[in-house]
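Residue numbers (the numbering used here): 17 to 573.
Ideal Cβ placement from N, Cα and C applies to all residues, glycine included.
Keep in mind the model is a prediction, meaning the values are calculated, not measured.
Presented below is the structure to which this report refers.
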């Protein structure tokens, strides 16, 4: 090769092209490039472009005539970077072929921060042969891929975080106190099924998860469920059923069971249905008990009174179960789906905005907030469902001791709100102490929470004998009651809502200033009902609220 065919040969021609002003002007304005002499192990730098100088924060006089590894020495934190470059140069010389380094990590002083930071490069090393056919020079072209690498790492982290949040949501459903399953797509593939619904179905997770529902539960075919699910999926309208008879194979035996259930559509932001949430309660025992009582009523006249009372009790329990399912339909379509929908929305936005770290952090924060609200809702529903347990014992209870414990629990909140508490003497009654603690805690929490000024709370009580009972309140004549009054100066409510405030998940005030799930007063009402008592409230908007609680002094044997 003559001198003209090799513009980088300095020894043979002192008028090499890089000494020509026009040649240098073109080369130095080219991509981030170096001309390196093939003189291992030194690898002398002969020419460098402006883009390379800008990218590495170096000056031309600091590079020209010096060895590559004299300037770019090993990193203490990652010595493999310089070694990879040296091996690439040697491979170019040995093979006389182009050698690329797709990802090459090296630490330099960042032009932006002035600090030593890791950068990621992509190198292309092209051999330039001399007259003897051997490699005389190496043209090294470098591309800064740091931003792409870091963005990929952030994306991977965001993906892992999102997977963790999805796992937490799945665990919440699995541990829910009611039977829940999610059926996805037009084939109704079982995505989630908690232990309670698996118990109703009589199946193991392996038998149904990730299978179309009627493939995993073939004995449910031909009982009208196919049409119900298809209608929910195509119309987007929920279906609620009560005491629906189903024939299912459980423990190797075909059984007829009775189920209350809700089919609630799971929709995307565009309102397109993507799946169905199933919420169910088995009421076989209640239905069969009622059927037996109805049959026996005609034959056993001497047991009419006893059977009628038993039927009434069974029907009351069934009615409460139906009402609670209706109330749960509300949270399934609103409170529970709202955080799930937000997680879906912000997950999609997160995927579209990975280039913006601040935006990604904002969406991850919103996902965390929605997950925390889901945990709070599930916990409150679990507390509410535990009140149905019948194995707790009634014992003589000094309500003064219960109230003292509650005041200690709320000591910090009382101090922060600068609340005043006037507590009068309370009686001793037969009760379940744990439930009375929940009752007083929820009432005191409401009085402290729903106040726009320093709370002033008065708690008083008196004993009412049988003749003083008001039949309109539903109190039993001839029974002595304790009347307990909680009075506060809070924000109050309009009288027309006096009954609605005790409905589960019913919140009159949706302001973010007043947090909560809408279960507290429903829990209070259920506790009072468990004790065969009565609770009601009187209030005016911005005039405070007074709660009246009537509990029997003695629990009937």
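Around residue 537, the same chain offers 517 and 518 as residues with beta carbons nearer than 6 Å, after the five sequence neighbours per side are excluded. In the structure shown, residue 288 adopts coil according to DSSP, grouped into three states. Counting along the chain, no beta strand (DSSP E) covers residue 222; the unbroken alpha helix (DSSP H) around it starts and ends at 221-224. When beta bridges are read from the DSSP output, residue 540 appears opposite no residue.
Bounds of the beta strand (DSSP E) holding residue 500 are 497-503. In the DSSP assignment, residue 89 falls outside any beta strand (DSSP E), carrying neither H nor E. The C-beta separation of residue 275 from residue 297 comes to about 7 Å, placing the pair in contact by the 8 Å criterion. Cα atoms of residue 60 and residue 139: separation of roughly 17 Å, rounded to the nearest angstrom.
Between the region 225-233 and the region 306-313, the count of Cβ pairs shorter than 8 Å is below three; the stretches do not touch. In this structure, residue 502 lies away from residue 543, with their beta-carbon atoms at least 8 Å apart. Relative to the Cα of residue 567, the nearest Cα in the group 462, 561 and 445 belongs to 445. Contact between residue 508 and residue 427 fails: their C-beta atoms lie close to 25 Å from each other, not under 8 Å. Scanning its chain for C-beta atoms nearer than 8 Å, with the 5 sequence neighbours on each side dropped, one finds around residue 499 the residues 477, 478, 479, 480, 564, 565 and 566, in chain order. CA-CA distance, residue 172 to residue 465, rounds to 42 Å. DSSP places residue 197 in the uninterrupted beta strand (DSSP E) bounded by 195-200. Looking only at 221, 133 and 510, the smallest Cα-Cα distance to residue 71 is reached by 133. In terms of Cβ geometry, residue 199 and residue 294 form a close pair [threshold 8 Å]. In this chain, the beta strand (DSSP E) harbouring residue 567 covers 561-568. Rounded to the nearest angstrom, the Cβ distance from residue 210 to residue 196 is 5 Å, consistent with a contact under 8 Å.
Beta-bridge partners of residue 205 (DSSP): 200 and 228.
Under the three-state reduction of DSSP, residue 519 is assigned to coil, being neither helix nor strand.
As a beta-bridge residue in DSSP terms, residue 274 pairs with 261. Excluding sequence positions up to five before and after residue 217, its CB lies within less than 6 Å of the CB of 233, all in the same chain and listed in chain order. Nearest neighbour of residue 246 by Cα position, chosen from 263, 279 and 156, turns out to be 279. Setting aside the 5 residues that flank it on each side, residue 287 is surrounded in the same chain by 252, each with a C-beta closer than 8 Å to its C-beta; the list follows chain order.
Around residue 437, the same chain offers 473 as residues with beta carbons nearer than 6 Å, after the five sequence neighbours per side are excluded.
In this structure, residue 263 and residue 270 form a Cβ contact; the two beta carbons are roughly 6 Å apart against a cut-off of 8 Å.
Per the C-alpha coordinates, the member of 451, 202, 136 and 146 positioned closest to residue 160 is 136. When the beta-carbon positions are compared, residue 319 and residue 306 stay at least 8 Å from each other. The three-state secondary structure of residue 118, taken from DSSP, is strand. Listed as beta-bridge partners of residue 156 by DSSP are 50 and 141. The criterion of a C-beta distance shorter than 8 Å is not satisfied by residue 142 and residue 109. Residue 446 is bridged by DSSP to 412. DSSP places residue 251 in the helix class (H, G or I) of the three-state scheme. Residue 550 and residue 541 have their C-alpha atoms some 8 Å from each other. For residue 432, the secondary structure class from DSSP, reduced to helix, strand or coil, is helix.
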